[in-house]
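Have a look at the structure below before the remarks.
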Amino acid sequence: MAKKKNRTRNLLIFVAIAVVLLVALGFVGQRIFGGPSAERVEIVTAELRTVTQTVTASGRVQPEVEIVISPDVSGEVVQLPVVEGQQVRRGELLARIKPDYYEAQVEQAEAQLSQAKANLSQREANLLLQEQILDRQRQLYEAQVIPLDEYEQSETQYKIAKTDLDAATFNVESSEARLREVEEQLSKTALYAPMSGTVSQLDIELGERVTGNELQAGTTVMKVARLDQMELEVEVSENDVVNVALGDTASIEVDAYPERFFKGIVTEIANSARLQGSTFQEQVTNFPVKIRILDPHNPASQAPGVLNETPAVQDYPSFRPGMSGTVDIFTNTVTEVVAVPIQAVTVRDFKTINRARARRAASSGSDSTAADNSEVRSASSSDEEDLQRMVFVVNDEMKAVATAVETGISDDQFIEIKSGLEEGQRVVNGPYSAVSRELGDGDLVEERGFRGSR
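What follows is the structure in structure tokens.
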């Protein structure tokens, strides 16, 4: 009984080994004598989609309106009633420069004006006197009581008095102008808020000396900004700026608020580029573009004169000048168009592909395609490349057919196919090496794992 069981077990082992050997031999034979092996690829289906073209750029948050406050006169800051971050109203005092010197200038100008007016009164009286003498001398000359030279002398004295009066008048006007000038300088010792807003930057301290704008750029005292109207200024490359237009909508992400997106709109596109790099080869050409942040932010709930320490109302974000962020500008949108993943589209030389097709047709000896093949060979005789965008369409025989396509706009995942491909056709999507270089027209493919395009 035991011997019978051993024989049965040995027989089963022998059969199993034989089956394994036959399978292995069949596989090897297929590899050696069989047809070409199939390339394992990823296949997707072309579908109708909505594609939105975007331009992505990075930049800094800044106020839409920010005014730099610089003094027009020089001196010591003797009054500084504001602090950085404080809200101020239009016309509110921001700083005061020591006015002593300018007050003295006003007093001196007033004294000069008084002296000029006194001199003017004296000249007026002298002119009146010379006019009376001239009238009297004229009567005497007409009565032939005095000679002509005495009359002419009186006439000359009258003209001199009139000239003196004109000079005194001009002196008064000059003194008045000088007084207005020094009074204006005195008034400029007080710096007032040009608009309601927030002191976004304060660069001086009480007691510090500042320089005015008389001969050169003065000291920057502070900046007043509208922090409830913020924007993002980004730099867009010269290749992308042609696609951006005023009024384009945008999605803004600020680094300080990760995973939150804010609505934006393009409000300004620079006409001149900003060049970066010392040499022509190193230069990078970018154009500044400003995007207004449309979502409510920086709630103005603080009373004037209080630091912005109140918690954000209704979870409104608090943007500060200089914060970094990224923006996606939506430049164009098409709906219900045939689209495939971007990696499914590649660029190949179609003359090389057509020559390969001609060789396959010639080797198959098909008479029905002889005329077409001769035309393909003649069209492919030139060495000049015929680079075209294409996809590999998978037919019913699981062969990859190189198909030229016309593409349109793309987003970060999909690209519009204007012609050459229809909805529902299956195309090779990967791997990248196969789509871009290795896969040939007519190669057998095997689906290694379908990834739905939705």
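One point on numbering: in the working numbering, the residue at position 112 of the sequence shown is 1005, and numbering is uninterrupted.
Ideal Cβ positions, reconstructed from N, Cα and C, are used throughout, including at glycine.
- Assignment of beta-bridge partners to Leu1095 by DSSP yields Met1115.
- With respect to the 8 Å criterion, Leu1033 and Ala1054 are not classified as neighbours on the basis of their beta carbons.
- Distances from the alpha-carbon of Ala988 to those of Gln1122, Val970, Glu1076 put Val970 closest.
- Ser951 is positioned such that its CB atom lies closer than 8 Å to that of Ser1217.
- Contact between the stretch 1294-1308 and the stretch 941-948 is established, with three or more Cβ pairs separated by less than 8 Å.
- The C-beta separation of Leu1125 from Ile1186 comes to about 7 Å, placing the pair in contact by the 8 Å criterion.
- In terms of Cα proximity to Glu977, the closest of Gln1023, Gln1050, Gln1078, Leu1095 is Leu1095.
- Where Ile960 is concerned, the enclosing beta strand (DSSP E) starts and stops at 959-962.
- Contact check for Gln1236 against Val1320 fails: the beta carbons are separated by 8 Å or more.
- When rounded, the separation of the alpha-carbon atoms in Val1230 and Asp1305 is 16 Å.
- Out of Thr1245, Leu1006, Thr1082, the CA that lies nearest to the CA of Pro992 is found in Thr1082.
- Contact annotation: Val1238 and Val1284 have beta-carbon atoms nearer than 8 Å.
- Nearest to Val937 by alpha-carbon distance, out of Glu1339, Asp1279, Pro1234, Arg1253, is Pro1234.
- Setting aside the 5 residues that flank it on each side, Glu1003 is surrounded in the same chain by Leu1072, each with a C-beta closer than 7 Å to its C-beta; the list follows chain order.
- Counting C-beta atoms within 10 angstroms of its own C-beta, Gln1023 has 16 or more neighbours from the protein chains shown and is therefore classed as buried.
- Rounded to whole angstroms, the separation of the alpha carbons of Asp1334 and Ala1251 is 12 Å.
- Residue state for Asn1064 is assigned as helix, using DSSP reduced to three classes.
- Nearest C-alpha to Arg1282 among Glu1290, Ala1295, Arg1341: Ala1295.
- Collapsing the DSSP output to three states places Lys1055 in a helix.
- Taking C-beta atoms under 8 Å as the contact rule, Asp1336 and Ala1297 fail to qualify, at a distance of about 17 Å.
- Burial is judged here by how many other beta carbons sit within 10 angstroms of a residue's own beta carbon; Ser1014 has fewer than 16 and is exposed.
- For Thr949 and Ala1070, the gap between their C-alpha atoms comes out near 57 Å.
- In the three-state scheme derived from DSSP, where H, G and I count as helix and E and B as strand, Ser1089 is classed as coil.
- Assigned with DSSP and collapsed to three states, Leu941 falls in strand.
- With a 10 Å radius around the Cβ and a threshold of 16 neighbouring Cβ atoms, Gly1105 comes out buried.
- When the alpha-carbon of Arg1153 is set against those of Ile1162, Asp1208, Asn1179, Val1114, the nearest one is in Asp1208.
- Going by DSSP, Gln1008 is part of the alpha helix (DSSP H) stretching over 993-1035.
- Judged by beta-carbon spacing, Val1117 lies beyond the 8 Å limit of Pro1151, meaning their Cβ atoms are not closer than that value.
- Cβ contact annotation for Leu1058 (same chain, cutoff 8 Å, sequence separation greater than five): Leu1013, Arg1016, Glu1017, Asn1019, Leu1020, in chain order.
- Within its own chain, the residues whose Cβ lies closer than 7 Å to the Cβ of Tyr1085, once the five positions on either side in sequence are excluded, are Gly984, Glu985, Leu986, Leu987, listed in chain order.
- Residue pairing for Gln972: DSSP places it in a beta bridge opposite Arg989.
- Within the same chain, Val948, Val1129, Val1159, Ile1162, Val1182, Ile1222, Thr1224 come within 8 Å of Val1137 by CB-CB distance, once the 5 residues on both sides are set aside.
- By alpha-carbon distance to Val1338, the top candidate from Thr1142, Asn1288, Asp1042 is Asn1288.
- Put simply, the backbone Cα of Ser1089 is about 17 Å away from that of Gln955.
- Assignment of Thr1104 by DSSP, reduced to helix, strand and coil, places it in the coil class.
- Here Thr1091 is buried, its C-beta having at least 16 other C-beta atoms within 10 Å.
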